[in-house]
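For the sequence shown, the tail end lands on 317 under this note's numbering, and the numbers increase by one without skipping. For glycine and all other residues, C-beta sits at the position ideal for the given N, C-alpha and C. Step one of this worksheet: look at the structure below.
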Amino acid sequence: MIKYFDIHSHLDFPEYGPDFDNIIENMNKVEVGTITVGTDLESANRAVALAEKYENVWACIGIHPADNHNEIWNEEEFEKLVKRPKVVAIGECGLDFFRLPTNELTGEPDLEKITIEKARQQELFEKQIQFAIKHDKTLMIHCRDVKNSNLVYEETYKTLKKYKLENPALRIHLHFFAGDLEIAKKFLELDCTFSFTGVITFANQYDEVIKFLPLEKIMSETDAPFVAPVPYRGKRNEPAYVLEVIKKLAELKGISIEELTAQIAKNVERIFLK
Ligand SMILES: [Zn+2]
């Protein structure tokens, strides 16, 4: 039985060790299902293996924009993986300007290296968009910028808009959405869906966007093992804690937890598990 969804976790990460069975047991106890996200080819292979082992786990396969700078898109290997039945999404892919190259001596931004890095990320991103279109899989988008900047979202939007116009059936999900209301409205025009993590239980800068978004565009996630919600803050996160995220989302939307839970389940079915 699955009642609640955590649409973005990293169950293959080294933070989960010998006690991994407890993580699955806790998920079963609270009736949580999750999509575990591989961040490079090796991680994607582990994600698929976990999805095939556990009924309430699905897999997302791809290459994170900034986690592994040495890996290039290996179409042949991902072609093999995408055919496995529990693979539901491609990513997490996108753009990450949080840690762009700096000069080793001065600490100032290294403009030449930044240009190369942005081009690398853009190419990797577009390969995965094309792959998702080819296989009719949902795109799991990762976007991260330096504080108080929308630049990464603007650039991501430009790229996604181009592909969405050519491929109206493309499904786009923005994981850990941290953009402002203005950019959220633009992504809504592309029919995107959005998910939020445990950060919303201890920071209020996401409240405005969450209150604004239509219910059928919202999903819950943990991004476990990172960003555990209150009251687990600072500890290793796990999918079972998604309940705390859902509670906070329901509070912000002014509806009951039951109503929101049912709506999120519908959204996950429509976007990921179709
Ligand atoms: Zn992630």
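Setting aside the 5 residues that flank it on each side, Glu151 is surrounded in the same chain by Thr145, each with a C-beta closer than 7 Å to its C-beta; the list follows chain order. Leu295 is positioned such that its CB atom lies closer than 8 Å to that of Lys254.
Cβ-Cβ distances below 6 Å link Phe220 to Phe237 in the same chain, with the five nearest sequence neighbours on each side left out; the list follows chain order.
Residues close to ligand 1 by the beta carbon criterion (under 6 Å to any non-hydrogen atom) are, from first to last along the chain, His51, His53, Val80, Glu135, Asp266. Going by C-alpha positions, Phe239 is about 7 Å away from Met262. Contact check for Gly76 against Phe56 fails: the beta carbons are separated by 8 Å or more. Counting only residues of its own chain and dropping the five nearest sequence neighbours on each side, Ser86 has a CB closer than 6 Å to the CB of Asp55. Counting C-beta atoms within 10 angstroms of its own C-beta, Gln248 has fewer than 16 neighbours from the protein chains shown and is therefore classed as exposed. Checking the DSSP bridge columns, you'll see Trp101 partnered with Ile78. Within its own chain, the residues whose Cβ lies closer than 7 Å to the Cβ of Glu160, once the five positions on either side in sequence are excluded, are Leu143, Pro144, listed in chain order.
Remark: C-beta atoms of Asp110 and Asp153 do not approach each other more closely than 8 Å.
Collapsing the DSSP output to three states places Leu213 in coil. Boundaries of the alpha helix (DSSP H) around Val285: 285-296.
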